[in-house]
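Residue numbering for the sequence shown follows our numbering, starting at 1 and increasing by one per position.
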Amino acid sequence: ENGQPGVPLFLDGPIRSLLECKMRKLSAAVSWLLSPPDGMSLKDTKYFIVYNYIYLLALTIHFAYIVLFGILGVTTLTLFNVGSCIWFATAVALNRRGYMYTSLFMCITEVNAHAVAAVLHFGWDSGFQYYMFTTGVGVFLLPPGRVPLKIGTVLLSSALYAGLFFYSASHVSIAPLAELLTSILNSANIVCFVGFLAAFGFYFTSAAETSQSLLEEEHAKKMGFFQNISHELRTPLTLICGPLDSFERTG
Numbered sequence: 001e002n003g004q005p006g007v008p009l010f011l012d013g014p015i016r017s018l019l020e021c022k023m024r025k026l027s028a029a030v031s032w033l034l035s036p037p038d039g040m041s042l043k044d045t046k047y048f049i050v051y052n053y054i055y056l057l058a059l060t061i062h063f064a065y066i067v068l069f070g071i072l073g074v075t076t077l078t079l080f081n082v083g084s085c086i087w088f089a090t091a092v093a094l095n096r097r098g099y100m101y102t103s104l105f106m107c108i109t110e111v112n113a114h115a116v117a118a119v120l121h122f123g124w125d126s127g128f129q130y131y132m133f134t135t136g137v138g139v140f141l142l143p144p145g146r147v148p149l150k151i152g153t154v155l156l157s158s159a160l161y162a163g164l165f166f167y168s169a170s171h172v173s174i175a176p177l178a179e180l181l182t183s184i185l186n187s188a189n190i191v192c193f194v195g196f197l198a199a200f201g202f203y204f205t206s207a208a209e210t211s212q213s214l215l216e217e218e219h220a221k222k223m224g225f226f227q228n229i230s231h232e233l234r235t236p237l238t239l240i241c242g243p244l245d246s247f248e249r250t251g
């Protein structure tokens, strides 16, 4: 017997049973997180999937930041990212309840605040400001409508970016790092930023395909229903029209 995937075969007895139980619970939890809630409209499903993946990815990255800033000994940013993880977990919960605008604007607020805090600590060359560009992409992934709000958000993020640039040019960072470490951090942030942009495109395409599949399934169900109704109507009509045709011919 192969048992639960991911559980080593050499484990036997109670330990193996316990691990299999934990793996099943973890698999069920992940499936619940990534699946749209019951009752959500097909139109909103693609948006839900996109945001949910983004929030979970951001949650993972900020957890990694907790470890990174803890190693660097920057207590302020370590605690900031603990709060960020709680913030994104709340965004996931709100997204599941259908509060898409609220959850995404929570995300945008955190991204800008985190970028400002990190640049003030480590300097402009650390590259944390790149994440502020994702707000301009993310806000237009919202459902259609509220265009002035979206444009205003982009303009506000742009103004914040410009202000941070000029401030950094004339002020010394709070906790400057060694040049090599700053370069490594900058490169890592560029990779993560590009990864976010790629994730936006990939997940939106994936969500669109999922929504299309659901629409096709719903369409197939409706067509099947109408075909059954048509068949049920044709049968009694045939029984009625058949004798009438015979009567007309004999008459």
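Think of the CB as a built atom: it goes at the ideal place given N, C-alpha and C, for glycine as much as any other residue.
Residue of the options minimising C-alpha distance to residue i
| i | options | result |
| --- | --- | --- |
| residue 93 | 217, 36, 186 and 166 | 36 |
| residue 64 | 48, 47, 46 and 84 | 84 |
| residue 118 | 56, 132, 27 and 180 | 132 |
| residue 134 | 196, 201, 44 and 147 | 196 |
| residue 164 | 115, 183, 137 and 108 | 115 |
| residue 107 | 21, 127 and 54 | 54 |
| residue 186 | 123, 31, 25 and 58 | 123 |
| residue 150 | 198, 169 and 136 | 136 |
| residue 176 | 158, 127, 200 and 159 | 127 |
| residue 110 | 157, 125, 95 and 67 | 157 |
| residue 66 | 112, 58, 153 and 78 | 78 |
| residue 112 | 89, 148, 146 and 159 | 159 |
| residue 129 | 25, 209 and 189 | 189 |
DSSP state of residue i mapped onto helix, strand, coil
| i | result |
| --- | --- |
| residue 176 | coil |
| residue 96 | helix |
| residue 132 | helix |
| residue 7 | Its pLDDT being 48, under 50, residue 7 is placed unreliably in this model, and the coordinates cannot settle the point. |
| residue 42 | helix |
| residue 157 | helix |
| residue 36 | coil |
| residue 148 | helix |
| residue 252 | Absent from the structure is residue 252, since the part of the chain shown begins at 1 and ends at 251. |
| residue 123 | coil |
| residue 142 | coil |
| residue 73 | coil |
C-alpha gap between residue i and residue j, whole angstroms
| i | j | result |
| --- | --- | --- |
| residue 69 | residue 41 | 41 Å |
| residue 213 | residue 51 | 19 Å |
| residue 23 | residue 60 | 20 Å |
| residue 166 | residue 222 | 59 Å |
| residue 73 | residue 178 | 14 Å |
| residue 174 | residue 192 | 24 Å |
| residue 75 | residue 82 | 11 Å |
| residue 71 | residue 215 | 49 Å |
| residue 46 | residue 171 | 44 Å |
| residue 90 | residue 56 | 11 Å |
For this session: Decide if the segment 136 to 143 is in contact with the segment 95 to 109; the criterion is three or more beta carbon pairs, one per stretch, under 8 Å apart.
Result: yes
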